[in-house]
């Protein structure tokens, strides 16, 4: 029988935060602070207090404050982000490397795999399939095949969804598809389009979502025979997974050495 512990202090802190730091409370407190500051400026700074000027100035500042308070960054209220940013900027920062657990450092990357002392790992990227233009019946068939693929996985895997800044390389497949259907008359138009697309991607903060699947097999990598057995199992998993994904109109590809290095840097940063 497991024992469940409830930390009442943490619960109280969360309840107080939810009650005292709502948008309404922040707007009221901020509005009162602005009113007090403006009153001090008019009375003691300018030595000229006129009720009409004071109320009109207060209205403008209150309106600007409410507009600022309702702004969101990445779907997060700015009233929550600013205190975190201030706390993070003034707090003492330690180097992360001494804090990393040895589990995250005892691996090498070779032969398009992550090699650990007791495991072989391979990372695959899944190219998403656009179902927005499918009718209801085809969409239902797609999800049925997708469920069958998940249930037929040859081994347990980990699915990662990562959002990262877009680069022009993310549109290479789209660019190649344009050239494959081009003619001599349309190639100049395609070149101009690619230049505009490159400039647009470089000057804007576009995000792309990438999907990864990670498979791991147990192997004592210090022993060549165990390593070969693990590679054979990993290849079998790869073939079966690729076949199941193909039946669901999904395309997968294994990450190569340089891509795995970039992938691990993003995971451990």
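In UniProt numbering, the protein residues as written are 1 to 269. We put the CB at the ideal spot given by N, CA and C, even for glycine. Nothing here was measured: the structure is a model prediction, and the numbers come from that model.
Asked	Found
Buried or exposed by the 16-neighbour rule on C-beta atoms within 10 Å, applied to residue 221	buried
Check whether residue 241 and residue 252 have beta carbons under 8 Å apart	yes
Test item: CB-CB of residue 149 and residue 248 under 8 Å	yes
Pick from 64, 110, 129 that is closest to residue 122, judged by C-alpha positions	110
Selected residue, minimal CA-CA separation from residue 177, among 167, 190, 185	190
Residues of its chain near residue 145, where Cβ-Cβ distance is below 7 Å and the 5 sequence neighbours each way are ignored	247, 248
Which of helix, strand or coil DSSP assigns to residue 257	helix
Inter-stretch contact (C-beta, 8 Å, three-pair minimum) for the region 180 to 194 and the region 129 to 146	no
According to DSSP, residues forming a beta bridge with residue 192	Answer is none; residue 192 lacks a bridge partner.
Whole alpha helix (DSSP H) elements within the region 204 to 268, 4-residue minimum	224 to 247, 257 to 268
C-alpha gap between residue 234 and residue 205, whole angstroms	37 Å
Residue closest to residue 153, alpha-carbon to alpha-carbon, out of 164, 32, 238, 43	238
Residue 163, enclosing beta strand (DSSP E) - first and last residue	157 to 165
Supposed close pair residue 218, residue 85 - CB separation, criterion 8 Å	Going by Cβ atoms, the distance from residue 218 to residue 85 rounds to 43 Å, so no, they are not a contact pair.
Helix, strand or coil at residue 41 according to DSSP, with G and I counted as helix	helix
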